[in-house]
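There are 2 protein chains.
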Amino acid sequence: MRFRTTSTITLAALLAGGTFWVAAATSSDQFSPYVDAKGTISRPTAFRDEWVHIGSWFVREDDQASGPGVHDVYAEPSAVKSFKQNGQWPDGATLVKEISSIREGQKATGFAQWAGEPGVWFVMVRDRKNRFPENAAWGEGWGWALFTQDSPEVSLTKNWKGEGFNNCFGCHVPAKDAEWVYIEGYPTIRDSANYGN
Amino acid sequence: MRFRTTSTITLAALLAGGTFWVAAATSSDQFSPYVDAKGTISRPTAFRDEWVHIGSWFVREDDQASGPGVHDVYAEPSAVKSFKQNGQWPDGATLVKEISSIREGQKATGFAQWAGEPGVWFVMVRDRKNRFPENAAWGEGWGWALFTQDSPEVSLTKNWKGEGFNNCFGCHVPAKDAEWVYIEGYPTIRDSANYGN
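Protein chains in written order, with the working numbering: chain A, 11 to 207; chain B, 11 to 207.
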């Protein structure tokens, strides 16, 4: 499930906020503007400018890395506010992980790495009520979606326990006790976590 | 000017937004809420929750690195909006660079590094009118400030061309042509940059 990005895409694709996401007339608006009546998840586009950046992961490029790159994770401001109050993700909370290629070089403070072009986006939507039992992209209290530079509008995730890119489950098992989110990497909120109840 | 952080501070210090910053009655409010009448710069505290995260740098810990750590950079939403329109920082724009210790380990996607405890904050405030000619913390169109875990309320920068921690100039020379900001590392805005005029 290697998702190395290429240098052929441009930031313009992402920065054209609103271009990709079209509000579906059938969306379950009271639950989430990013989920339609069948549980199909759309990719939010305004997360860089309007959401809270909860943390970054830098995953080294080596032969063992299935997903090298700069991983920037964003959450909706209302979800972050709720998490800080209760220590858990509220129903409908949406998280976006944007994965970019790595740029690197010697800088004044040392050898540095930073984000190049974005190429992959993972989206998770909190669902405590098992709203979409017939949609295999939903499970264990979340909806799971994957978008790539080749498919920025349609999630490739058909079954969150599927093979390859669809295997959200495989990567998230280590975070099961934190409600499937790698909360340890998110300085903005991790001290508020409360998964004991 | 090594600014390695220690593990003794806690996130609580930063997350207690508003605790440190007290609006000064003498602040030049029409210019910036973070600058008083003498050009003294205060540390913004709500940047994680309310500002735009414009990019991260991961600076490797090695013998050559003067400032290893995770560098997260934030800008005010209004400044980012203006930058996207004009390609330049508007007067009064404030940038905050938060530097945290590095945590690392093997994760599902590969060997990863992420932010630990924050310990150092650099603040820059755009000033195109040379408002504070008698304050040596201001120069080349910016106000420069540094806060540490030991001095979170009072900037240690007395002269932006000074020695050690005060030597903002030394580290930023390579970014002079981008108005002293390392714009290449900020995916959210770098394609909008316009320094030709």
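Glycine included, every Cβ here is placed at the ideal spot set by N, Cα and C.
Please read these numbers as outputs of a predicted model, since none were measured by experiment.
If you compare the alpha carbons of Arg-113(A), Trp-154(A) and Gly-120(A) with that of Gly-126(A), the shortest gap goes to Arg-113(A). Between the C-alpha atoms of Pro-54(B) and Lys-139(A) there is a straight-line separation of about 39 Å. In the structure shown, the three-state DSSP call for Val-164(B) is coil. The C-alpha of Pro-162(A) is placed about 25 Å away from the C-alpha of Gln-123(A). Around Asn-145(A), the same chain offers Lys-48 and Gly-49 as residues with beta carbons nearer than 7 Å, after the five sequence neighbours per side are excluded. Cβ-Cβ separation between Gly-153(B) and Ile-64(B): approximately 18 Å, too far for a contact (criterion under 8 Å). Taking 9 Å as the cut-off, the Cβ atoms of Lys-94(A) and Ile-199(A) count as close.
In terms of Cβ geometry, Ser-66(A) and Val-90(A) do not form a close pair [threshold 9 Å].
Residue range 152-158 is occupied by the beta strand (DSSP E) that includes Phe-157(A). If you draw a 10 Å sphere on the C-beta of Glu-86(A), you find 16 or more other C-beta atoms in it, and that means buried. Of all alpha-carbon atoms in Tyr-44(B), Ser-42(B), Val-62(B) and Ser-92(B), the one lying nearest the alpha-carbon of Ala-203(B) is that of Ser-92(B). Taken in chain order, the whole beta strand (DSSP E) runs of length 3 or more contained in the region 62-107 of chain B are 62-69 and 79-85.
Within the region 57-68 of chain B, the residues whose Cβ lies closer than 7 Å to any Cβ of chain A are, in chain order, Arg-58, Asp-59, Val-62, His-63, Gly-65, Ser-66, Trp-67 and Phe-68. Remark: C-beta atoms of Ala-118(A) and Gly-151(B) do not approach each other more closely than 9 Å.
In the structure shown, Val-191(A) adopts coil according to DSSP, grouped into three states. Within the model, the alpha-carbon separation for Pro-197(B) versus Ala-185(B) is close to 16 Å. Using beta-carbon distances, Tyr-84(B) counts as an interface residue toward chain A, with a partner under 9 Å. As the crow flies, the alpha-carbon of Gly-206(A) is around 21 Å from that of Met-134(A).
It is roughly 30 Å from the alpha-carbon of Asp-101(A) to the alpha-carbon of Gln-116(B). Residue range 178-182 is occupied by the alpha helix (DSSP H) that includes Phe-179(B), with no beta strand (DSSP E) assigned at that position. Not one beta carbon of chain B lies nearer than 9 Å to the beta carbon of Arg-141(A). Here the C-alpha atom of Ile-193(B) lies approximately 38 Å from the C-alpha atom of Lys-168(A). Bridge partners of Ala-125(B) according to DSSP: Ile-112(B).
Proximity to Phe-68(B) across Trp-61(B), Val-80(B) and Gln-98(B) peaks at Val-80(B), based on C-alpha coordinates. Gly-129(B) sits buried, since 16 or more C-beta atoms from the chains shown fall within 10 Å of its C-beta.
In the same chain as Val-62(B), and ignoring 5 residues on each side of it, the C-beta atoms closer than 7 Å to its own belong to Tyr-84, Ala-85, Pro-87, Val-90 and Thr-198, in chain order. Annotation for Glu-173(A): no alpha helix (DSSP H) segment contains it, and DSSP assigns it neither H nor E.
Taking CB atoms only, Gln-98(A) has no neighbour in chain B less than 9 Å away. At a cut-off of 9 Å, the C-beta of Trp-152(A) has no neighbouring C-beta in chain B. In this structure, Trp-148(B) lies near Phe-142(B), with their beta-carbon atoms less than 9 Å apart. Boundaries cannot be given for Glu-144(A), as no alpha helix (DSSP H) includes it and DSSP labels it neither H nor E. For Lys-171(B), the closest of Asp-160(B), Val-183(B) and Phe-57(B) by C-alpha to C-alpha distance is Val-183(B). The alpha-carbon separation between Gly-120(A) and Ser-42(B) amounts to approximately 32 Å.
Of the residues Gln-159(A), Asn-176(A) and Cys-178(A), the one whose Cα lies closest to the Cα of Ile-109(A) is Gln-159(A).
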